[in-house]
Amino acid sequence: MKAVGARVPRYDGVAHATGRTEFVDDVRVPGTLWVKALRSPSHHADITRLDVSAAVAMKGVRAVITADDVPLLEYGHLSALGIPADEPLLAKGEVRYKGQPIAVVAADDEEIAQAAVDAIGLDLTEKPALFDIRKAFDADAPRIHQWGNWYTHFEGGMDRRQIRKGNIEDAFDKADVIVQGVYRPAAIEHVPLETQVSLVVPEANGRLTIYSCTQALYFSMGVVAAHLQLPLNKLKFVGGTVGGGFGGKVDTATETICALLAQKSGRPVKWRWTREEEFLCSSTRAPWHMEIADAVTKDGWILGRKMLTLHDSGAYSRFSPYGLTKHSFHHTGAYSIPNLEFDGYVVYTNRVPTTAMRGFGVTSVSFATETHLSRIAHELGVDPFELRLKNANRIGDTSPNQIAYTDPSTVPTILAIANALGHKLTPDYRAMTRDPRSGDLLPEHLVAQIGSTEGH
Amino acid sequence: MNLSVNGVPHNIESAPLTSLLDVLREELQITSAKAGCEQGGCGACTVLIDGEPQRSCLTPVVAVEGAEITTVEGLGTPNDLAPVQQAFTHHYAAQCGFCTSGMMLAAHAYVEHGGTEDREAIQDALGGHVCRCTGYVKIIDAVAAVARGDSFDATLTAAGTRMTNLGGVA
Ligand code: FES
Ligand code: FES
Chain A
1 MKAVGARVPR YDGVAHATGR TEFVDDVRVP GTLWVKALRS PSHHADITRL
51 DVSAAVAMKG VRAVITADDV PLLEYGHLSA LGIPADEPLL AKGEVRYKGQ
101 PIAVVAADDE EIAQAAVDAI GLDLTEKPAL FDIRKAFDAD APRIHQWGNW
151 YTHFEGGMDR RQIRKGNIED AFDKADVIVQ GVYRPAAIEH VPLETQVSLV
201 VPEANGRLTI YSCTQALYFS MGVVAAHLQL PLNKLKFVGG TVGGGFGGKV
251 DTATETICAL LAQKSGRPVK WRWTREEEFL CSSTRAPWHM EIADAVTKDG
301 WILGRKMLTL HDSGAYSRFS PYGLTKHSFH HTGAYSIPNL EFDGYVVYTN
351 RVPTTAMRGF GVTSVSFATE THLSRIAHEL GVDPFELRLK NANRIGDTSP
401 NQIAYTDPST VPTILAIANA LGHKLTPDYR AMTRDPRSGD LLPEHLVAQI
451 GSTEGH
Chain B
1001 MNLSVNGVPH NIESAPLTSL LDVLREELQI TSAKAGCEQG GCGACTVLID
1051 GEPQRSCLTP VVAVEGAEIT TVEGLGTPND LAPVQQAFTH HYAAQCGFCT
1101 SGMMLAAHAY VEHGGTEDRE AIQDALGGHV CRCTGYVKII DAVAAVARGD
1151 SFDATLTAAG TRMTNLGGVA
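Heads up: the protein sequence lines correspond to chains A and B, in order. Counting from 1, one number per residue, gives the positions in the first sequence under this note's numbering. Counting from 1001, one number per residue, gives the positions in the second sequence under this note's numbering.
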C-alpha cells in the first residue's frame, strides 16, 4: 500500500514529455499499405449490388475484402460468454447504420485507396430507419432485425433484464404520493485525440503482429482469432499505449479488418480513421430512455420504484446486454429502495452501435435517480439533502440484485457536500452515519419495511 | 526544398503541397507531432515555425521553405528536460500523452514570449488545443509553474515530498 496516497511519478511521464511515447500510428514499417473503407451512405437499406471488380483492377490496389472474405463473419466481444453475436464484420445483404463498413481496400497510398473505394459499385434499396428507442419499442415499428427490435437472450431466454424485489404492489398501496419522471440522456462521442488505428504486419513465420490501440487487448485478440479462424498463437498483439479511449476502444474497430487485408496482400497494413469517421462511424455512449415511478411517503421515504429502461444499442448488440445488466443492478443509484419492479430492454435503432463509456450503464441511472430525487423533494416540499440522507445506502442494506453493502459511502458523501455548500441540517441529520439502520428518523410504521435488512 | 528541424537541415522530397505534418511524420520519421484531426481543430500537430506555434496539418511544406521547425524532440531530452517538459512531468499534465507535444510547444512559446502565470492568459494561449483526458487543470498548473520560473528537482513530487522507490511503480 506504499503507493496509496503517495504522489508517484508516472512510468510514462518523461516519454510523454519528450515525444518518445510510441503510439500505433508512430510505428514505422516500410511498405505499409493504407486502408480506406466503403461505408454505408444509408441508415437502413438492402444491398442489391456490390461490385468491387473495378477497385481490384486498379493499379496500386493490393487487396479488397468484402463479407465473403471473412472466415467467420459474425462474432461478438461477448460471444465467449455465450451472448450470441449479431453483427457482421462487413455488411452482408443489408446495412443497418450509416457508416457501416461494406468493403475495404488496402493500397499503396491513401489517394489510391480512396479512388478504389470510389470505384466500387453499390446499389441500395432504402428501408425505413429508426433513430429513437422509444419509437423503435412500439409494437408496430418497422423491424431492424428479423427477430424484432430488441435483444432476446437474457437468462432463461427472457427478452428483458428483469428485477423483482420485495412487494411492489404493497409499497404503491402504502404510498402517500407517486412521483413519476422520464429521463432521456443523449449519445456522447468519446472523442479520443487518437482516432481508431491499427497496424498489422504479416511475419515470415506465418504470424500476424498486430499493433493495436485497444483498451481491451485480450478481448481484441479473441475477436480477431475467431473472425480469422486462427489459433491464438498465430497472433502477436502489441498494445498498452492508448491515445485516449474512455470506453470507445473496448470495441475492436480496425484490427480484424487490417489482419484480413494483411493476410490477403501479404503486406503490412495500417488503418487510421479520420476524425470525420471517428465522429460519424465510431461507437458512442448510448442514449437511454428511463421511466421512473416512485412510491413515496409525504415525509420523503421511498417505499418502492417501478422502472422501465430502454437502452439504445444502435444497430447491433455489442456490449449492450452487459451495460444494461450493470444498469439494472444500480438502478436505485446510491439509495436503498426496498420494493422494486424493473424491466430493461436492449433496443435497436439505426444509429451507430453504442458501447462502453466511463461508468458503463450506471451514469445514465445516476443522472436519472439524482434528478428524480430532486423532483420528489420539490413535489413534497422537503429538503433535498434530508430526502437523500433518509434513503441513503447504509451498511447491511442490499442492492437491487441482493448484494449487501459493506462499505457504502452515500451518507458521508452527502454530509460532506452539505458542509461544503454551507447547507444547514438539523442535528438529527448531521449525526447520521452509514451504520446499519437502527430506526433513527424512521417512523414506527416503516421500521419493519425499511429498518430491517431482511426482505430487501 | 530545404527545411531545418531542431537545428538539423533536411532536403525535402515530398510534393510542395504536402502538409508539414506529413513531411515530419512520413518523410522525416519525426513522430512527436500527432494527427489528431488533420483539419486544424485539435492542436495535436502543433510545431514551432521560427518560434511561433502553428498547426502543421494546415501548413503546406512549400510555405515554410527555409524555416526553422521545432518539435518536442528539439526542446530537451530525457536526461536534460526543458523547463516545460519538467513541469508537465512534475504536475502530471500528460495522461495519454497524445495532445502533450502540441500543448508543450504552445506553452513553451507562451512563456518565451513573456507569458505570465495568469490562468486566463494561459487558457487563451492554449485555447486551440484539445485535451480529452486531463480536464486542463494540471496543464494550466504546469504552464503557470514554468511562467513563475519554478525549479523542479527531478526527485521531488508535485506535493514537494521526496519520491521513494516504490518497487517498480516509479
Ligand atoms: S491535427 Fe492539426 S489541428 Fe488537429
Ligand atoms: S493527455 Fe490525452 S488528450 Fe491530453
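Even for Gly, the Cβ is constructed at its ideal location relative to N, Cα and C. For clarity, every value in this text was computed on a predicted model and none was experimentally measured.
Given residue i as reference, the closest of the options once Cα atoms are compared
i: residue 1109 of chain B; options: B/1067, B/1022, B/1051; result: B/1051
i: residue 76 of chain A; options: A/86, A/69, A/68; result: A/86
i: residue 238 of chain A; options: A/225, A/245, A/214; result: A/214
i: residue 1106 of chain B; options: B/1080, B/1070, B/1137; result: B/1070
i: residue 339 of chain A; options: A/360, A/296, A/353; result: A/296
i: residue 331 of chain A; options: A/95, A/209, A/233, A/399; result: A/399
i: residue 39 of chain A; options: A/16, A/46, A/104; result: A/104
i: residue 407 of chain A; options: A/419, A/427, A/436, A/428; result: A/436
i: residue 1094 of chain B; options: B/1060, B/1131, B/1122; result: B/1131
i: residue 1101 of chain B; options: B/1147, B/1054, B/1062, B/1027; result: B/1054
i: residue 390 of chain A; options: A/357, A/365, A/426; result: A/426
i: residue 1123 of chain B; options: B/1133, B/1114, B/1141; result: B/1141
i: residue 94 of chain A; options: A/128, A/119, A/72; result: A/128
i: residue 1004 of chain B; options: B/1128, B/1049, B/1022; result: B/1049
Buried or exposed by the 16-neighbour rule on C-beta atoms within 10 Å, applied to residue i
i: residue 178 of chain A; result: exposed
i: residue 14 of chain A; result: buried
i: residue 470 of chain A; result: Residue 470 of chain A is absent from the model: chain A starts at 1 and stops at 456.
i: residue 49 of chain A; result: exposed
i: residue 146 of chain A; result: exposed
i: residue 98 of chain A; result: buried
i: residue 211 of chain A; result: buried
i: residue 149 of chain A; result: buried
i: residue 100 of chain A; result: buried
i: residue 327 of chain A; result: buried
i: residue 412 of chain A; result: exposed
i: residue 423 of chain A; result: exposed
i: residue 131 of chain A; result: exposed
i: residue 540 of chain A; result: As shown, chain A starts at 1 and ends at 456. That puts residue 540 of chain A outside it, with no answer to give.
i: residue 1019 of chain B; result: buried
i: residue 59 of chain A; result: exposed
i: residue 409 of chain A; result: exposed
i: residue 118 of chain A; result: exposed
i: residue 351 of chain A; result: buried
CB contact below 8 Å: residue i versus chain A
i: residue 1081 of chain B; result: yes
i: residue 1047 of chain B; result: no
i: residue 1107 of chain B; result: no
i: residue 1088 of chain B; result: yes
i: residue 1044 of chain B; result: yes
i: residue 1098 of chain B; result: yes
i: residue 1112 of chain B; result: no
i: residue 1078 of chain B; result: yes
i: residue 1068 of chain B; result: no
i: residue 1032 of chain B; result: yes
Unbroken beta strand (DSSP E) run spanning residue i, endpoints
i: residue 290 of chain A; result: 288-296
i: residue 307 of chain A; result: 302-314
i: residue 105 of chain A; result: 101-107
i: residue 345 of chain A; result: 339-348
i: residue 458 of chain A; result: Nothing about residue 458 of chain A can be read from this structure; chain A reaches only from 1 to 456.
i: residue 282 of chain A; result: No beta strand (DSSP E) contains residue 282 of chain A, which DSSP labels as neither H nor E.
is_contact[residue i, chain B] using C-beta, thresh 8 Å
i: residue 89 of chain A; result: no
i: residue 192 of chain A; result: yes
i: residue 25 of chain A; result: yes
i: residue 17 of chain A; result: yes
i: residue 274 of chain A; result: yes
i: residue 365 of chain A; result: no
i: residue 13 of chain A; result: yes
i: residue 332 of chain A; result: no
i: residue 60 of chain A; result: no
i: residue 244 of chain A; result: yes
Residue i - containing alpha helix (DSSP H), residue span
i: residue 85 of chain A; result: No alpha helix (DSSP H) contains residue 85 of chain A, which DSSP labels as neither H nor E.
i: residue 20 of chain A; result: Element bounds for residue 20 of chain A: n/a, residue is neither H nor E.
i: residue 411 of chain A; result: 410-421
i: residue 202 of chain A; result: Per DSSP, residue 202 of chain A belongs to no alpha helix (DSSP H); it is in the beta strand (DSSP E), 197-202.
i: residue 390 of chain A; result: 384-391
i: residue 63 of chain A; result: That residue, residue 63 of chain A, is in no alpha helix (DSSP H); its beta strand (DSSP E) goes 61-65.
Check whether the stretch 1030-1046 of chain B and the stretch 425-437 of chain A touch, using three or more Cβ-Cβ pairs below 8 Å as the test.
Note that the stretch 1030-1046 of chain B does not touch the stretch 425-437 of chain A; fewer than 3 beta-carbon pairs, one per stretch, sit closer than 8 Å.
Inter-stretch contact at 8 Å, needing at least 3 Cβ pairs: the stretch 197-208 of chain A / the stretch 264-271 of chain A
The answer is yes - the stretch 264-271 of chain A touches the stretch 197-208 of chain A, with three or more Cβ pairs under 8 Å.
With three or more beta-carbon pairs closer than 8 Å as the criterion, would you say the stretch 339-348 of chain A touches the stretch 372-381 of chain A?
No, the stretch 339-348 of chain A is not in contact with the stretch 372-381 of chain A.
Who sits around ligand 3, taking every residue whose Cβ is closer than 6 Å to one of its heavy atoms?
Among the ligands present in this structure, namely ligand 1 and ligand 2, ligand 3 is not found.
Taking contact to mean at least 3 C-beta pairs separated by less than 8 Å, is the stretch 227-241 of chain A in contact with the stretch 19-32 of chain A?
Yes, since at least three Cβ pairs between the stretch 227-241 of chain A and the stretch 19-32 of chain A fall closer than 8 Å, the two stretches touch.
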